[in-house]
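Residue numbers (the numbering used here): 90 to 329. Every residue, glycine too, gets a C-beta built ideally from N, C-alpha and C. For clarity, every value in this text was computed on a predicted model and none was experimentally measured. Inspection log for the structure reproduced underneath, given as C-alpha coordinates.
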(Lines of atoms letter the chains of each structure in order from A and count residues from 1; the text may use other names and numbers.)
(Lines give C-alpha, C1' and ligand atoms only; values in the text may rest on other atoms or scores of the structure.)
Protein backbone atom coordinates (compact mmCIF):
# COMPACT_ATOMS: atom_id res chain seq x y z
CA UNK A 1 0.00 0.00 0.00
CA UNK A 2 2.77 2.45 0.91
CA UNK A 3 4.55 1.86 -2.38
CA UNK A 4 1.33 2.60 -4.31
CA UNK A 5 0.89 5.86 -2.36
CA UNK A 6 4.48 6.82 -3.17
CA UNK A 7 3.98 6.00 -6.84
CA UNK A 8 0.86 8.18 -7.05
CA UNK A 9 2.64 11.08 -5.34
CA UNK A 10 5.63 10.68 -7.65
CA UNK A 11 3.33 10.66 -10.68
CA UNK A 12 1.63 13.88 -9.52
CA UNK A 13 5.05 15.47 -8.98
CA UNK A 14 6.35 14.54 -12.43
CA UNK A 15 3.17 15.60 -14.22
CA UNK A 16 3.46 19.01 -12.55
CA UNK A 17 7.13 19.22 -13.53
CA UNK A 18 6.31 18.53 -17.18
CA UNK A 19 3.05 20.38 -17.74
CA UNK A 20 2.34 23.09 -15.16
CA UNK A 21 3.78 26.63 -15.22
CA UNK A 22 6.76 26.79 -12.90
CA UNK A 23 6.01 28.26 -9.46
CA UNK A 24 2.30 28.59 -10.14
CA UNK A 25 0.09 27.62 -7.19
CA UNK A 26 -1.01 24.27 -8.70
CA UNK A 27 2.62 23.54 -9.58
CA UNK A 28 3.86 24.21 -6.04
CA UNK A 29 1.05 22.18 -4.45
CA UNK A 30 1.81 19.18 -6.66
CA UNK A 31 5.56 19.45 -6.09
CA UNK A 32 5.05 19.70 -2.32
CA UNK A 33 2.90 16.56 -2.39
CA UNK A 34 5.61 14.88 -4.41
CA UNK A 35 8.18 15.49 -1.67
CA UNK A 36 6.59 12.67 0.35
CA UNK A 37 7.33 10.04 -2.29
CA UNK A 38 11.11 9.77 -1.89
CA UNK A 39 11.14 9.07 1.88
CA UNK A 40 8.36 6.49 1.46
CA UNK A 41 10.37 4.77 -1.25
CA UNK A 42 13.43 5.06 1.00
CA UNK A 43 11.50 3.25 3.72
CA UNK A 44 10.53 0.49 1.30
CA UNK A 45 14.18 0.15 0.26
CA UNK A 46 15.07 -0.26 3.94
CA UNK A 47 12.32 -2.89 4.24
CA UNK A 48 13.60 -4.65 1.14
CA UNK A 49 17.12 -4.78 2.53
CA UNK A 50 15.86 -6.06 5.88
CA UNK A 51 13.43 -8.71 4.69
CA UNK A 52 14.41 -9.90 1.22
CA UNK A 53 15.39 -13.54 0.97
CA UNK A 54 17.79 -12.75 -1.88
CA UNK A 55 19.63 -9.45 -1.48
CA UNK A 56 21.70 -10.06 -4.60
CA UNK A 57 18.60 -10.43 -6.79
CA UNK A 58 16.90 -7.46 -5.08
CA UNK A 59 19.93 -5.29 -5.82
CA UNK A 60 20.08 -6.57 -9.39
CA UNK A 61 16.43 -5.62 -9.94
CA UNK A 62 17.05 -2.06 -8.75
CA UNK A 63 20.19 -1.84 -10.90
CA UNK A 64 18.25 -2.91 -14.01
CA UNK A 65 15.50 -0.41 -13.18
CA UNK A 66 18.12 2.31 -12.79
CA UNK A 67 19.61 1.61 -16.21
CA UNK A 68 16.18 1.43 -17.86
CA UNK A 69 15.10 4.70 -16.25
CA UNK A 70 18.16 6.80 -17.05
CA UNK A 71 17.21 8.03 -20.52
CA UNK A 72 13.54 8.68 -19.55
CA UNK A 73 14.79 10.49 -16.42
CA UNK A 74 17.09 12.77 -18.40
CA UNK A 75 14.43 13.26 -21.09
CA UNK A 76 11.96 14.37 -18.41
CA UNK A 77 14.58 16.60 -16.76
CA UNK A 78 15.66 18.42 -19.94
CA UNK A 79 12.44 18.29 -21.94
CA UNK A 80 12.71 19.54 -25.51
CA UNK A 81 16.37 20.46 -24.97
CA UNK A 82 17.34 16.85 -24.24
CA UNK A 83 18.27 15.96 -27.82
CA UNK A 84 20.56 19.00 -28.19
CA UNK A 85 22.18 18.43 -24.79
CA UNK A 86 22.69 14.75 -25.57
CA UNK A 87 24.34 15.59 -28.89
CA UNK A 88 26.52 18.43 -27.55
CA UNK A 89 27.93 16.26 -24.77
CA UNK A 90 28.39 13.13 -26.94
CA UNK A 91 26.05 11.29 -24.63
CA UNK A 92 28.16 11.92 -21.52
CA UNK A 93 25.28 13.89 -19.99
CA UNK A 94 23.67 10.51 -19.26
CA UNK A 95 26.46 9.77 -16.80
CA UNK A 96 26.53 13.15 -15.10
CA UNK A 97 23.23 12.97 -13.21
CA UNK A 98 21.71 9.59 -12.39
CA UNK A 99 18.14 8.88 -11.38
CA UNK A 100 17.21 7.94 -7.83
CA UNK A 101 17.73 4.26 -8.53
CA UNK A 102 21.48 4.91 -8.31
CA UNK A 103 20.94 6.68 -4.99
CA UNK A 104 19.12 3.62 -3.67
CA UNK A 105 21.92 1.34 -4.91
CA UNK A 106 24.40 3.44 -2.93
CA UNK A 107 22.10 3.22 0.09
CA UNK A 108 21.93 -0.58 -0.20
CA UNK A 109 25.72 -0.71 -0.43
CA UNK A 110 26.02 1.43 2.69
CA UNK A 111 23.50 -0.67 4.64
CA UNK A 112 25.27 -3.87 3.61
CA UNK A 113 28.64 -2.45 4.61
CA UNK A 114 27.40 -1.18 7.98
CA UNK A 115 25.81 -4.53 8.80
CA UNK A 116 28.75 -6.69 7.76
CA UNK A 117 31.81 -4.83 9.09
CA UNK A 118 31.28 -4.67 12.85
CA UNK A 119 34.58 -6.50 13.35
CA UNK A 120 36.64 -3.92 11.44
CA UNK A 121 38.47 -0.96 13.03
CA UNK A 122 36.48 2.29 12.98
CA UNK A 123 38.67 3.93 10.34
CA UNK A 124 38.14 1.01 7.95
CA UNK A 125 34.40 1.37 8.43
CA UNK A 126 34.29 5.14 7.97
CA UNK A 127 36.39 5.53 4.82
CA UNK A 128 34.35 3.20 2.54
CA UNK A 129 31.16 4.81 3.85
CA UNK A 130 32.51 8.21 2.80
CA UNK A 131 33.36 6.83 -0.65
CA UNK A 132 29.79 5.52 -1.04
CA UNK A 133 28.36 8.91 -0.04
CA UNK A 134 30.64 10.68 -2.52
CA UNK A 135 29.53 8.33 -5.29
CA UNK A 136 25.91 9.17 -4.54
CA UNK A 137 26.47 12.86 -5.34
CA UNK A 138 26.07 12.13 -9.06
CA UNK A 139 22.49 10.95 -8.50
CA UNK A 140 19.11 12.48 -7.70
CA UNK A 141 18.87 13.46 -4.00
CA UNK A 142 22.50 12.39 -3.55
CA UNK A 143 23.84 12.14 -0.01
CA UNK A 144 20.50 13.30 1.36
CA UNK A 145 18.76 10.37 -0.32
CA UNK A 146 21.27 7.82 0.97
CA UNK A 147 21.06 9.17 4.52
CA UNK A 148 17.26 9.12 4.27
CA UNK A 149 17.35 5.38 3.50
CA UNK A 150 19.73 4.87 6.42
CA UNK A 151 17.41 6.88 8.67
CA UNK A 152 14.41 4.85 7.51
CA UNK A 153 16.30 1.63 8.23
CA UNK A 154 16.76 2.63 11.87
CA UNK A 155 13.21 4.04 11.98
CA UNK A 156 11.88 0.68 10.76
CA UNK A 157 13.61 -1.21 13.54
CA UNK A 158 13.06 1.47 16.19
CA UNK A 159 9.27 1.71 15.90
CA UNK A 160 8.95 -2.02 16.54
CA UNK A 161 10.31 -1.39 20.03
CA UNK A 162 9.60 2.24 20.85
CA UNK A 163 6.35 2.79 18.91
CA UNK A 164 5.20 6.43 18.98
CA UNK A 165 8.35 7.58 20.76
CA UNK A 166 10.37 6.20 17.86
CA UNK A 167 8.15 8.09 15.40
CA UNK A 168 8.70 11.39 17.23
CA UNK A 169 12.45 10.81 17.53
CA UNK A 170 13.01 10.01 13.86
CA UNK A 171 10.66 12.75 12.64
CA UNK A 172 12.85 15.22 14.53
CA UNK A 173 16.05 13.69 13.14
CA UNK A 174 14.67 13.75 9.59
CA UNK A 175 13.63 17.39 10.02
CA UNK A 176 17.16 18.33 11.15
CA UNK A 177 18.73 16.29 8.34
CA UNK A 178 16.58 18.09 5.76
CA UNK A 179 17.34 21.56 7.13
CA UNK A 180 21.08 21.09 7.56
CA UNK A 181 21.55 19.33 4.23
CA UNK A 182 19.95 22.10 2.19
CA UNK A 183 21.70 24.80 4.22
CA UNK A 184 25.00 23.41 2.90
CA UNK A 185 24.14 24.80 -0.53
CA UNK A 186 24.97 28.30 0.77
CA UNK A 187 22.81 29.97 -1.85
CA UNK A 188 20.09 32.58 -1.78
CA UNK A 189 17.53 29.88 -2.56
CA UNK A 190 18.57 27.58 0.32
CA UNK A 191 15.62 28.64 2.47
CA UNK A 192 13.24 28.13 -0.43
CA UNK A 193 14.71 24.67 -1.02
CA UNK A 194 14.23 23.84 2.66
CA UNK A 195 10.61 25.04 2.60
CA UNK A 196 9.95 22.91 -0.50
CA UNK A 197 11.54 19.79 0.99
CA UNK A 198 10.26 20.00 4.58
CA UNK A 199 6.87 18.44 3.74
CA UNK A 200 8.88 15.24 3.24
CA UNK A 201 8.89 14.79 7.03
CA UNK A 202 5.15 14.06 6.83
CA UNK A 203 6.11 10.78 5.20
CA UNK A 204 7.05 9.34 8.59
CA UNK A 205 3.54 9.65 10.10
CA UNK A 206 2.14 8.26 6.83
CA UNK A 207 4.51 5.29 7.06
CA UNK A 208 3.71 4.77 10.74
CA UNK A 209 -0.08 5.05 10.61
CA UNK A 210 -1.02 3.71 7.15
CA UNK A 211 -1.26 -0.11 7.14
CA UNK A 212 1.22 -1.44 4.61
CA UNK A 213 -1.10 -4.08 3.20
CA UNK A 214 -0.03 -6.15 0.23
CA UNK A 215 -1.73 -5.32 -3.07
CA UNK A 216 -2.04 -8.08 -5.70
CA UNK A 217 0.35 -6.61 -8.25
CA UNK A 218 3.20 -8.40 -9.96
CA UNK A 219 6.47 -7.81 -8.11
CA UNK A 220 8.00 -6.28 -11.25
CA UNK A 221 5.25 -3.63 -11.53
CA UNK A 222 7.20 -0.89 -9.75
CA UNK A 223 10.43 -1.64 -11.60
CA UNK A 224 8.55 -1.15 -14.87
CA UNK A 225 6.39 1.77 -13.71
CA UNK A 226 9.31 4.01 -12.71
CA UNK A 227 11.00 4.27 -16.13
CA UNK A 228 7.78 3.86 -18.12
CA UNK A 229 5.81 6.69 -16.51
CA UNK A 230 8.71 9.12 -17.01
CA UNK A 231 9.06 8.10 -20.65
CA UNK A 232 5.34 8.57 -21.34
CA UNK A 233 5.20 11.96 -19.60
CA UNK A 234 8.35 13.17 -21.37
CA UNK A 235 7.09 12.06 -24.79
CA UNK A 236 3.68 13.68 -24.31
CA UNK A 237 5.31 16.92 -23.12
CA UNK A 238 7.71 16.85 -26.08
CA UNK A 239 5.03 16.48 -28.75
CA UNK A 240 2.33 18.85 -27.43
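Taking 8 angstroms as the cut-off, the Cβ atoms of residue 244 and residue 197 do not count as close. Closest in alpha carbon position to residue 156, among 302, 228 and 213, is 228. Annotation: the continuous alpha helix (DSSP H) that includes residue 255 extends over 253-272.
Contact annotation: residue 230 and residue 276 have beta-carbon atoms that are not nearer than 8 angstroms. Note that the C-beta distance between residue 135 and residue 241 is below 8 angstroms.
Listed in chain order, the non-local C-beta contacts of residue 233 below 6 angstroms within the same chain comprise 270, local neighbours out to five positions each way being set aside. Approximately 15 angstroms separates the beta-carbon atoms of residue 248 and residue 290; this is outside 8 angstroms, ruling out the contact.
Around the Cβ of residue 103, a 10 Å sphere holds 16 or more other Cβ atoms; the residue is buried.
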